[in-house]
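For reference, the structure is listed below as structure tokens.
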């Protein structure tokens, strides 16, 4: 009974149009995973802090971005104006969350650099409780459902993104393409910043050896603050993107929904390596897309994609504990 | 001569447990104290501030889970961020046994037996998970345990063997009477737990309601588990655990094999976490993925451990007491008394309806910023503790006293205190 069904499903899966669909879906998921994990990996690489509050920052970014969109966009607003508003929201949220992140680093996280890494996990875990609960208070105060997706914000995307187009036997959703493009731009931007600017050089030097960098006359503590702010800002713009996505949407559980995959991506790639994070995001995105297809077409187990993502984490840690591109010593205590 | 030293040992042992006796006595008297004070002239205030009996039962079983988390994380320094897998295993196992879904075990299997079996199942899982995880350390160890427990969480959420709607968990349906705690197969030495289906007890002039009986029974199991863990911590085995936390290379150089000790400690901690989960499911008579297997359940244990004292075995229980008391005080429903019902009953309506700012009344402000938002204040306390009180409540007291409290008091009573 099972075998012919499986063979049938395999045959369907390996049809060219299915493969292209899954591939595009995987790319768009990878773009999202890269965006939610990039900030986390930058912060870990330099500061050695595994930021549990990262998902909460993404969630706050989604709400703030949604707020800007809902305020700016009316039902009569055209598609181009909506896109312009979106980019304004990106800039606004990046600035707001970078400021919040900077404050958190200076006020709280700085106290803990001398303690074992476990304490930074503890502190940032405490921060998620505070940030989540404050957001819950704000959201319920304005009469929104904290757990359900924010429909008003979902409705502010341009009309053409809400539909899907059929090109040569393949269903393409403009939103997915937009996500891929934005993800690519952000990854490229961070990469250029790290490799082509003097500040990026300082960050890379600090990740390599912060004491040596400080000895060369660079104010490493200020670099720490800047990188934490940058990481928080990146978390925020990932949230702005997710606010438009039907699968995610702005809601309180978004904090945990993004934190866990971000951890998986960062650890699978190798803690603190930029290249590893991008590759791992692609890997996890593809696994997710493939498993989503299998769930929708052949396997009746709803948790399949999620379970496979965590299995990728477990298997990676068993086979190659330092991650794909990681160095063995990083992250040990 | 041998007799002499033997008696010395007993005396010292007894002295070192004086603190435990005092705490147990205080907890044992609490139901009577609560009953008396809530019916006295300050009854309304006491109901508002003090945790009710049902909350105290939760303090016990979750406190045990937090202790087991602390047993591995606080004493060996390996942060077990997926500890909820053991709690969930215990809870689900008990429910599934009672629904007759576990082969060879009927729905009538005594609760105590299924508790122990749940613990043993958790030991097996701990050995499997530990054998791959303990090759890693630091952040990686925390992440691999988190990963495994999330796999289990997603799995149990979608496994329709558990119940017809696994997303919402499973309830006890095959075991209409309360779960018995006592000596298995001896009816007269058993009492049932549960707020609704548990036993009541009348002895002479004392009458105990179902929740009070559950309080004593669950408390008794937790006490026994605590004493076993406490014994292990103060044994040579426990010393090696602390040595691993302080300096693993040195512990290895001295000749101990850290891997074995870590694995054994993990198994012990998994066992008691499953017992805690079983007690939880036995008392509540249902279990859901979100309140058993989810990683935030581990987070709650972490909160209790840090506030109570990381690396002190009893600390997490006090941490949980603080946590639950604050949650009850700020609860939205106001069950068991809390801030909101108290204010509604005792503050004139005019004050509650007074406008503070922009149409926001006092009552609405309390509703918006306080009720149901205990997490916020617990988070703030938690962050303050991480930053400024890294030892937690018990750890700080221990630091002042210069050693574990039970030992210090024991020594003082023995007359050789400084």
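Residue numbers (the working numbering), protein chains in the order written: chain A, -13 to 319; chain B, 108 to 525. Cβ coordinates follow ideal geometry from the N, Cα and C atoms, glycine included. As the structure is a computational prediction, the values presented were derived from the model and not from experiment.
In the pairwise beta carbon analysis, the stretch 510 to 520 of chain B is classified as not touching the stretch 145 to 164 of chain A: fewer than three pairs are separated by under 8 Å.
For the pair of segments examined, the stretch 401 to 421 of chain B was found to touch the stretch 480 to 499 of chain B: the number of CB pairs separated by less than 8 Å reaches three.
With at least 16 other beta carbons inside 10 angstroms of its own, residue 106 (chain A) counts as buried.
If you draw a straight line from the Cα of residue 195 (chain A) to the Cα of residue 325 (chain B), it is about 52 Å long. With a minimum length of 4 residues, the unbroken runs of alpha helix (DSSP H) contained wholly in the stretch 200 to 251 of chain A fall at 206 to 228.
Annotated three-state conformation of residue 464 (chain B) is strand, per DSSP. Chain A places no beta carbon closer than 8 Å to that of residue 309 (chain B), leaving this residue out of the contacts.
Only those residues of the stretch 100 to 115 of chain A whose C-beta falls short of 7 Å from the nearest C-beta of chain B are listed: 103, 104, 105, 107, 108, 109, 111, 112, 113 and 115. Rounded to the nearest angstrom, the Cβ distance from residue 241 (chain A) to residue 22 (chain A) is 11 Å, too far for a contact under 8 Å.
Taking 8 Å as the CB threshold, residue 476 (chain B) lines the interface with chain A. Nearest CB-CB separation between residue 210 (chain A) and chain B: not below the 8 Å threshold. Membership of residue 485 (chain B) in the alpha helix (DSSP H) is indicated by the continuous run 481 to 495. Nearest neighbour of residue 102 (chain A) by Cα position, chosen from B:494, B:459 and B:139, turns out to be B:494. Between residue 473 (chain B) and residue 433 (chain B), the beta carbon gap of about 15 Å keeps them out of contact (Cβ cut-off 8 Å).
Legend: CB atoms of the stretch 283 to 307 of chain A lying less than 7 Å from CB atoms of chain B belong to residues 287, 288, 289, 292, 293, 296, 297, 299, 300, 303, 304 and 307. Look at the stretch 476 to 491 of chain B: the residues with a C-beta under 7 Å from a C-beta of chain A are 476, 480, 482, 483, 485, 486, 487, 489 and 490. Among the CB atoms of chain B, none fall inside 8 Å of the CB of residue 165 (chain A). In the assembly as shown, residue 286 (chain A) is an exposed residue. Its beta-carbon has fewer than 16 other beta-carbons within 10 Å. Exclusion of the five residues before and after residue 379 (chain B) leaves 175 and 332 as the residues of its chain whose Cβ lies within less than 6 Å of its Cβ. Within chain A, no C-beta atom comes less than 9 Å from the C-beta of residue 357 (chain B); the nearest is roughly 14 Å away. Residue state for residue 308 (chain B) is assigned as strand, using DSSP reduced to three classes.
The CB of residue 253 (chain A) comes closer than 9 Å to the CB of 246, 247, 250, 251 and 254 in chain B, given here in chain order. Non-local C-beta neighbours of residue 156 (chain A) in its own chain, meaning closer than 8 Å and more than five positions away in sequence, comprise 3, 6, 7 and 10, ordered along the chain. Chain-ordered, the chain B residues with CB closer than 8 Å to the CB of residue 123 (chain A) read 475, 476, 480 and 483. Flagged as an interface residue toward chain A: residue 494 (chain B), by a C-beta distance shorter than 8 Å.
Note on geometry: alpha-carbon atoms of residue 249 (chain A) and residue 309 (chain A) lie some 12 Å from one another. Per the C-alpha coordinates, the member of A:108, A:17 and A:199 positioned closest to residue 228 (chain A) is A:17. When 9 Å is used as the limit between beta carbons, residue 249 (chain A) is near these residues of chain B: 250, 253 and 254, in chain order. Relative to the Cα of residue 269 (chain B), the nearest Cα in the group B:246, B:215, B:396 and B:373 belongs to B:396.
Between residue 186 (chain B) and residue 277 (chain B), the C-beta gap is not smaller than 8 Å, which leaves the two residues out of contact. Residue 127 (chain A) belongs to the set of residues whose beta carbon lies under 8 Å from a beta carbon in chain B. Contact between residue 52 (chain A) and residue 236 (chain A) is confirmed by a C-beta separation of about 5 Å, below the 8 Å threshold. By the criterion of at least three beta-carbon pairs nearer than 8 Å, the stretch 28 to 40 of chain A is in contact with the stretch 210 to 219 of chain A. Spatial neighbours of residue 283 (chain B) in its own chain (CB-CB distance under 8 Å, excluding positions within 5 residues in sequence) are listed in chain order as 304.
In this structure, residue 50 (chain A) lies near residue 79 (chain A), with their beta-carbon atoms less than 8 Å apart. For residue 158 (chain A), there is no enclosing alpha helix (DSSP H); the enclosing beta strand (DSSP E) has its first and last residue at 156 to 158.
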